[in-house]
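Q: First the structure, which I've put down as structure tokens, then a few questions once you've had a look.
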Amino acid sequence: MDLELTDKTAIVAAASHGIGKACALRLAREGANVVVCARGKEDLVKTAEEISASTGRRIEWVQADITKPDDIEMLVDATRIAFGGVDILVTNCGGPKRGTFISLEDSDWRTAYDLVLMSVVRLIRAAVPQMRNMQCGRIINITSICVKQPIEYLMLSNALRSAIVGMAKTLSNELAPFGILVNNVAPGYTLTNRIYDLAMDEAKELEMSHEEIMARYNEDIPLNRMARPEEIADVVAFLASSRSSYITGTTIPVDGGYYQGLM
Ligand code: NAD
0 MDLELTDKTA IVAAASHGIG KACALRLARE GANVVVCARG KEDLVKTAEE ISASTGRRIE
60 WVQADITKPD DIEMLVDATR IAFGGVDILV TNCGGPKRGT FISLEDSDWR TAYDLVLMSV
120 VRLIRAAVPQ MRNMQCGRII NITSICVKQP IEYLMLSNAL RSAIVGMAKT LSNELAPFGI
180 LVNNVAPGYT LTNRIYDLAM DEAKELEMSH EEIMARYNED IPLNRMARPE EIADVVAFLA
240 SSRSSYITGT TIPVDGGYYQ GLM
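Here is the structure:
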């Protein structure tokens, strides 16, 4: 299948590791120019160089904290200056703090609100004018399977990612006349630093080993294993491509069958 991504320009937010990095690599393999961002310069530069070396594509990096509005503006401006515009926006972010309702304070909610929800709002707001000028575009939000089936201890993620789904569905209607498609990808348990850290916290709390917690996660997944980040990136690349031209306003689970609902 030809994804027709050659020379398209993609921004992948929060992409020095994990799912974001895998998305950047996959899009670059398909011939896209990619701009990656993260807060820490060292890992970000390493990631950009690694992807460029393995794909031969031009990968730009912008050191940016996506909780900061000015950094988001800078990221989108830098993309326009480097490549002339943005065709594909992948709104990834770091995972919010783990915790039950009673353990979380206002400051946790505010931090998570900026990281999980407002980063998506601000990234899209900054990129849409360029997409509207071109009368085409792809916006792909990395959410979580928790938008379909809430996950224990992930109160902030469960609450705020559902807001993204509501926003994205409404936005898909508003942007459809301009040829801009908006979709969400909802990863299930995926082998990244994030899942490693969550399992560490849970292991401490339940006085179990890290391996036991990881095994428990697998038990809930019909495919009996977690995703590789590349398996999430494959779906993102499809949604970013010309092949997804009649898909908008959806949320696609990539979860090995974890979600037990029908729709
Ligand atoms: P990860 O921790 O491996 O990577 C997160 C990336 O985000 C890193 O590159 C980090 O540098 C960057 N980042 C964090 N905060 C940032 C900020 N303020 N500004 C810029 N960059 C920032 O995480 P991951 O597993 O790849 O997860 C990516 C997203 O997908 C997260 O929101 C996570 O909650 C969600 N998710 C993950 C899983 C999973 O099992 N791993 C499942 C469902 C959803």
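In numbering that gives the first Met the number 0, the protein residues as written are 0 to 262. Ideal Cβ placement from N, Cα and C applies to all residues, glycine included.
Starting from V235 and walking both ways along the alpha helix (DSSP H), at which residues does that stretch end?
A: Its alpha helix (DSSP H) spans residues P228 to A239.
Q: Can N140 and G248 be called in contact, C-beta distance under 8 angstroms?
A: Cβ atoms of N140 and G248: not closer than 8 angstroms.
Q: Taking contact to mean 3 or more Cβ pairs, one atom from each stretch, closer than 8 angstroms, check whether the segment 86-93 and the segment 2-15 are in contact.
A: Taking 8 angstroms as the limit for Cβ pairs, the verdict is that the segment 2-15 does touch the segment 86-93.
Q: Counting beta carbon pairs with one atom in the segment 88-104 and one in the segment 55-62, are three or more of them shorter than 8 angstroms?
A: The segment 55-62 vs the segment 88-104: no contact.
Q: Using 10 angstroms around the beta-carbon of M262, count the other beta-carbons present and answer buried if the total reaches 16, otherwise exposed.
A: The residue is exposed, with fewer than 16 neighbouring Cβ atoms inside 10 Å.
Q: Tell me whether the segment 226-242 and the segment 17-28 touch, counting them as touching only if at least three CB pairs, one residue from each stretch, are closer than 8 angstroms.
A: Counting Cβ pairs under 8 angstroms, three or more are found: they touch.
Q: On a CA-only basis, which of I179, Y152, S240 and Y257 is nearest L205? Give me that one, please.
A: Answer by Cα proximity: Y152.
Q: When DSSP builds the beta bridges, which residues end up paired with W60?
A: DSSP lists V35 as partners of W60.
Q: Could you pull the start and end residues of the alpha helix (DSSP H) that P186 belongs to?
A: P186 -> not in any alpha helix (DSSP H); beta strand (DSSP E) instead, spanning I179 to P186.
Q: Quick test of your reading: I50 and V33, contact by CB under 8 angstroms. State the CB separation rounded to the nearest angstrom.
A: Yes, I50 and V33 are in contact; Cβ-Cβ is about 7 angstroms, under 8 angstroms.
Q: Cα separation between V127 and N182?
A: If you take the alpha carbons of V127 and N182, they lie about 14 angstroms apart.
Q: From S208 to A158, what distance separates their C-alpha atoms?
A: Whole-angstrom Cα-Cα distance: 28 angstroms.
Q: Under 8 angstroms, with one C-beta from each stretch per pair, do the segment 234-251 and the segment 174-192 reach the 3-pair mark?
A: Yes: at least three Cβ pairs fall under 8 angstroms.
Q: Confirm the yes/no value for this check: CB of A47, any heavy atom of the ligand NAD, distance under 7 angstroms.
A: No; taking the cut-off as 7 angstroms, the Cβ of A47 has no heavy atom of the ligand NAD nearer than that.
Q: Nearest-angstrom Cα distance between A236 and T54?
A: The alpha-carbon atoms of A236 and T54 are separated by roughly 15 angstroms.
Q: Expressed to the nearest angstrom, what Euclidean distance is found between the alpha-carbon atoms of L116 and Q129?
A: Their Cα atoms are separated by approximately 21 angstroms.
Q: For a test of the three-state rule: what should DSSP assign to R97, helix, strand or coil?
A: Three-state DSSP puts R97 in coil, outside helix and strand.
Q: Cα separation between L122 and V75?
A: Taking the straight line joining both Cα atoms gives about 8 angstroms.
Q: So who's on the other strand from I150, going by DSSP bridges?
A: DSSP output for I150 lists no bridge partner at all.
Q: Which residue or residues does DSSP assign as beta-bridge partners of A9?
A: Bridge partners of A9: V33 and I87.
Q: Taking C-alpha atoms, which residue in E48, A202 and Y112 lies nearest to A14?
A: Of the listed residues, the one whose Cα sits closest to A14 is E48.
Q: Given this structure, state the Cα-to-Cα distance separating D233 from G98, to the nearest angstrom.
A: Answer to the nearest angstrom: the Cα atoms are 30 angstroms apart.
Q: With distances taken between CB atoms, is the gap from R38 to D64 smaller than 8 angstroms?
A: Their beta carbons are under 8 angstroms apart, which means R38 touches D64 by this criterion.
Q: Any heavy atom of the ligand NAD closer than 7 angstroms to the CB of D76?
A: Not so, every heavy atom of the ligand NAD lies at least 7 angstroms from the Cβ.
Q: Where does N140 fall in DSSP's three states?
A: Looking at N140 - three-state DSSP - the assignment turns out to be strand.
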